[in-house]
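Chemist: In order, the protein sequences belong to chains A and B.
Numbers given in the working numbering equal positions in the first sequence, counted from 1, plus 562.
Numbers given in the working numbering equal positions in the second sequence, counted from 1, plus 2.
C-beta atoms are modelled at their ideal positions from N, C-alpha and C, and glycine is treated no differently.
Pasting in a structure now, in structure tokens, and then I'll have a few things to ask.
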Amino acid sequence: MKLRILFVLVAAVSMWACQPEINEFEPTKGNADFSVYMSAGNSLTAGYAGGALYRSGQENSYTAILAKQFEAVGRQGAFKIPYINSEDGVGTEGASLRTKLVMGYSTDCLGNTSLAPVPANPNATLQELAILLGTSVAADGPFHNIGVPGAKVTHLIVPGYAGLNPFYARFASDASNAVIDEIGLIQPTFFTLWIGNNDVLTYALAGGAADEITAVGTFAASMEAIIGTFKTTATAGAIANIPDITDLPYFTTVPYNPIVLQDQALVDQLNAGYAQYNALMEQFDLPHQISFKLGANPMVIQDPSIPTPPGYEMLRIRQIESDELVLLSIPQDSLKCGYWGSMKPVHGQFIITRDEKSEIDAAIVAYNQIIETAAQSHDLALVDMNELLNQGSTTGIKMDGVLFTTEFVTGNAFSTDGVHLTPQGNALAANTFIDAINKKYNARIPKVNVANYEAVRLP
Amino acid sequence: MRKQFIITTILVMGLLTLHAGGYQVRLQSNKSTGMGLTGTALQMGATSMFYNPGALALMQTKTDFALGASGIISRISFQKSESDLIAETDNSMSTPFYFYGAGKINEKWSVGLAVYTPYGSSAKWEDNWAGRLLIQNIALQAIYFQPTVAYKINDKLGIGAGLVYATGTVELQKGLNYGSDSYVKLEGSTSNIGFNAGVYYNASEKFSLGLNYRSEIMMEITGGDASFNVPTAVEANIPSENKFDAALPMPANLDFGVSYQATEKLLVSAEINYVMWSTYKELEFKFEEKGELLNSKNQCDYKDTFIPRIGAEYVYSDLLTFRIGGYYDPSPTNEKYFTPETVSLNNLAFTLGLSITPSEKLSIDLSYLQINGLQATKTYEPDQFGGTYKSAAYIPGIGVSYRF
């Protein structure tokens, strides 16, 4: 009797000791057709990160993440990516090549060892890397992700672009193609496009000393041609705008005043050295003066744009202003031990001056106007990456317990090159795309959990 | 007939979904559990030391012992906002227990010792679940030791109070954003004192009233062990071994209950518990080393709750007594600060109980409590982590009491 009652109780418990069920999310495609998805763009779209194109970087690009999420709303088949067969990858460094940058220890000229981006394989030869980059994977195509590192908006419509950019040559279906010719091979029903960053970034990365900002008219015409090509088959898509690239860690990590002086004798020596400069500038009523004091000092830079006293053109130097930017590419050892910025004025290729920044800012505003207009006229979702980076650089962005900022390495969003995204940053970008697409097309595409993606890996 | 009664009741329970608040666990007597966890206005011998020490004064036998335990099988399901990601907890069974021993010294005075576990919480989420940066697993437990005295003012009125010595342990682990194998684990234990006091009044032969207050006890952990599993490169800033301080309140309760002996066989009880959760404003962690980097303040802003309870007991025969009850325990959590650490939803609970009394002295008490946490969509705003939660707890319990 007692046992029977006990049995009933225990049976009852085990019967209901079940997991409560929740099913609150029904993915829906809304007014868009995601069955064939294709993405175009530059290095961000390709999955370039840590200064190189490498396999897991490609696997974690925002576009690869989107392709996975689109499966819930009807995307069919494989999403083909022109994978590079290497985890160390290959990237450009000036005219040379190198493997991806990982966080490692390096020793500076003062003998101090610290954590810094270092090549994953410092022993990789130029020849190996050239072969890796030069090996065509076109036979595995056609590809759904046609992001090309280094491409500007104008480049995507250039026939024979493979001859100009090895990152396109390695997967081009035909050497005479323009990148947009790949679109016809896939016939997408849905596309994403994030292009235009390089139209101003390439100039900025050169410190305004090389390349040029794409003219607004050219930008608009190229954008129109690319979207037009997509729209021959695609009925829906999303286009992302250009963030204010001068907020990237590449431009905000090195301070304007890294010249730290602790020795009064050196201060005096420097001030004596610039006494004649100061006297001349004053004599000709010109604005700049150079002076040093104990503590942190703004660096002395070359600026070909400033007026000089007649006959003293070599004096196109001045101290940097606090709102001007120093590039991450500046050799740290030269700053620490080579008297760069104090006795030796820093070359303009490492600096974005106030004027250059204004040009960049104006170009971005104009480009984003074009992109917004294009999104409206072609009835596309507009992804506001400009606002996203703006939030990241001001308040930071919290998502799933991760804080994204524009801090180099520790900000979680940007990889070891200070420009491209970490897998976690890509997940944030993918969620931003999904938000815009869901809103535009009344769809319900599931978002990803950013905490499940890696930030910068530390040793 | 008896079996039919049980099965019918169980089926009714199965149709409903229920829940419970914060990290309070009121499983301090299997008899009381069967009656919707009421007890403030009941004469329950030694177990009254928890529910209302005033009732101990009117204890009917000279000596009374009670011992029991429950097994909490709890399940939580979660679906992330705007996502198809689902996560579940895999909680090991937690087992709150109680022991009471009380005796009459003379006609007026009774004394006793109560040992019970009024607060606890445990949740173990799947490895690398969506909220791993907020919590991976947590286990809280408090054990209260309460020496008690009660005084019978007259045959109708009793007062009683106990000094509570509380010991507690906490263990929690959460992921850090340095890769999937990096985490912090915190372990600490502490003790503190409080009190439990009550008044019990037999207004008439049929009607009783009880009022009870249990004070807040702040569990302050000093020098708890913190271990961080982080990349070597970060260890200069985040030492792998550290000490931490934190304080978690065990809130005060004010309980008011009435009971009514409807017939010789049927006893009905109702009460309301006022739980002063608003004391739980934030959970702050202070670290001995690198505090400037590691210290954190997590806002909670809990609010006070009222829990209405109702229960009934039916003496079927000399051998068998049946009990049934239910209660509604609203969530004390704040809309903005709902964390997966303590998934506390609005809870609707139903209870069943059965006592087998082979002799007048011995009683074997079985209880079953099912708590259904009503589905709700919640966010922890500071981390921008939200989703839909639903929970359920299945709690069978068994106890024995012996009086003479």
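B/Gln81 versus chain A: which residues are under 9 Å apart at the beta carbon?
Modeler: What B/Gln81 touches in chain A: Ile584, Asn585, Glu586, Phe587.
Chemist: Report yes if the C-beta distance between A/Ala936 and A/Ile789 is below 8 Å; otherwise report no.
Modeler: In this structure, A/Ile789 lies closer than 8 Å to A/Ala936 by Cβ.
Chemist: Name the residue from B/Arg134, B/Ile107, B/Ala125, B/Leu178 whose alpha carbon lies nearest to the alpha carbon of B/Tyr153.
Modeler: Looking at the Cα atoms, B/Ile107 is the closest of the given residues.
Chemist: Whole-angstrom Cβ separation of A/Asn819 and A/Ala858, contact assumed at under 8 Å?
Modeler: Right, the Cβ-Cβ distance comes to about 4 Å (below 8 Å), so this counts as a contact.
Chemist: Closer than 7 Å, Cβ to Cβ, to anything on chain B: give me those residues from the region 956-978 of chain A, in chain order.
Modeler: Listed by position along the chain: Lys960, Met961, Asp962, Gly963, Val964, Asn974.
Chemist: A/Ser977 and A/Thr984 look like a contact to me (Cβ under 8 Å); what is the Cβ gap, rounded to whole Å?
Modeler: Indeed they touch by this definition, with Cβ atoms about 5 Å apart.
Chemist: Counting pairs of beta carbons, one from the region 738-757 of chain A and one from the region 695-706 of chain A, are three or more of them closer than 8 Å?
Modeler: The answer is yes - the region 695-706 of chain A touches the region 738-757 of chain A, with three or more Cβ pairs under 8 Å.
Chemist: Assuming B/Thr49 and B/Arg405 are in contact, meaning their beta carbons sit under 8 Å apart, how far apart are those beta carbons, in whole angstroms?
Modeler: Not confirmed; about 11 Å, so no contact.
Chemist: Taking only runs that begin and end inside the region 620-704 of chain A, name each unbroken beta strand (DSSP E) of 3 or more residues, in chain order.
Modeler: The region 620-704 of chain A contains these whole beta strand (DSSP E) runs: 653-655, 658-660, 663-669, 675-681.
Chemist: Taking the alpha carbon of A/Thr815 as the point to measure from, which residue in A/Lys630, A/Ala678, A/Lys591, A/Ser618 has its own alpha carbon closest?
Modeler: It is A/Ala678 whose Cα lies nearest to the Cα of A/Thr815.
Chemist: Specify the secondary structure class of A/Met785 as computed by DSSP and reduced to three states.
Modeler: DSSP places A/Met785 in helix when its eight states are reduced to three.
Chemist: Along the region 997-1010 of chain A, where does the CB come closer than 7 Å to a CB of chain B? Name the residues.
Modeler: Listed in sequence order: Pro1008, Lys1009.
Chemist: Could you list the residues in the region 611-628 of chain A with a C-beta less than 8 Å from some C-beta on chain B, going in chain order?
Modeler: So nothing in the stretch comes that close.
Chemist: Going by DSSP, what residue range makes up the alpha helix (DSSP H) through B/Thr35?
Modeler: Run containing B/Thr35: 32-36, per the alpha helix (DSSP H) assignment.
Chemist: For the region 285-345 of chain B, list the beta strand (DSSP E) runs that are entirely contained and at least 3 residues long, ordered along the chain.
Modeler: You should have 298-301, 307-317, 322-331.
Chemist: B/Ser124 lies in the beta strand (DSSP E); which residues open and close that run?
Modeler: 111-126 is the span of the beta strand (DSSP E), which, as asked, contains B/Ser124.
Chemist: Could you check what DSSP says for B/Asp257 in three-state terms: helix, strand or coil?
Modeler: Three-state DSSP puts B/Asp257 in a strand.
Chemist: According to DSSP, is B/Gly200 part of a helix, a strand, or is it coil?
Modeler: Residue state, collapsed to three classes: strand.
Chemist: Using a Cβ-Cβ cut-off of less than 8 Å, give me the residues of the region 701-722 of chain A that come near chain B, in sequence order.
Modeler: Residues passing the 8 Å Cβ filter: none.
Chemist: Does DSSP put B/Phe52 in a helix, a strand or coil?
Modeler: Reduced to three states, the DSSP call for B/Phe52 is helix.
Chemist: Can you give me the Cβ contacts of B/Ile78 inside the same chain, cut-off strictly under 6 Å, excluding the 5 residues immediately before and after it?
Modeler: Thr91, Val345, Ser393.
Chemist: Please identify, using Cβ separations under 7 Å, the residues of the region 624-654 of chain A that lie next to chain B, in order along the chain.
Modeler: Cβ contacts with chain B: Ala634.
Chemist: Using the C-alpha atoms, what's the distance from B/Gly401 back to B/Lys5?
Modeler: For B/Lys5, the predicted model reports a pLDDT of 39, less than 50, meaning its position is unreliable and no value from the coordinates is stated.
Chemist: Does any C-beta atom of chain A lie closer than 8 Å to the C-beta of B/Asn108?
Modeler: It does not; no Cβ of chain A falls within 8 Å.
Chemist: Could you tell me whether any Cβ in chain B is nearer than 8 Å to the Cβ of A/Arg660?
Modeler: It does not; no Cβ of chain B falls within 8 Å.
Chemist: A/Tyr1003 by DSSP, collapsed to three states: which one?
Modeler: Note: A/Tyr1003 maps to helix in three-state DSSP.
Chemist: Residues of the region 61-85 of chain B with a CB closer than 9 Å to any CB of chain A: list them in chain order, please.
Modeler: Correct list: Gly73, Ile75, Arg77, Ile78, Ser79, Phe80, Gln81, Lys82, Ser83, Glu84, Ser85.
Chemist: At 7 Å on the CB atoms, spell out the chain A contacts of B/Tyr180, in chain order.
Modeler: By Cβ distance, chain A contributes Leu1020.
Chemist: List, in chain order, every chain A residue whose beta-carbon is nearer than 7 Å to that of B/Ala235.
Modeler: Going along chain A in sequence order, the residues near B/Ala235 (Cβ under 7 Å) are Met665, Leu677, Leu1020, Pro1021.
Chemist: Closest by CA to A/Gly653, which one among A/Asn622, A/Gly712, A/Gly636, A/Thr675?
Modeler: If we check each option's Cα against that of A/Gly653, A/Gly712 comes out closest.
Chemist: Can you confirm whether the region 763-774 of chain A touches the region 915-922 of chain A when touching is taken to mean that 3 or more C-beta pairs between the two stretches lie within less than 8 Å?
Modeler: Touching, per the Cβ criterion.
Chemist: Mind pulling the chain A residues with CB within less than 7 Å of B/Gln377?
Modeler: Here the neighbours are Ile584.
Chemist: Go to A/Leu951, then tell me how far its alpha helix (DSSP H) extends in each direction, as first and last residue.
Modeler: First-last of the alpha helix (DSSP H) with A/Leu951: 947-956.
Chemist: Between the C-alpha atoms of B/Met51 and B/Glu128, what's the straight-line distance to the nearest angstrom?
Modeler: Looking at the two C-alpha atoms, the distance is approximately 39 Å.
Chemist: Between B/Leu13 and B/Leu165, what straight-line distance do the alpha-carbon atoms span, to the nearest angstrom?
Modeler: Caution is warranted here: a pLDDT of 31 is assigned to B/Leu13, below 50, making its placement in the model unreliable, and the coordinate value is therefore given only provisionally. Taking the straight line joining both Cα atoms gives about 42 Å.
Chemist: Taking Cβ positions only, does A/Asn1014 come closer than 8 Å to chain B?
Modeler: Judged by the 8 Å Cβ criterion, A/Asn1014 is in contact with chain B.
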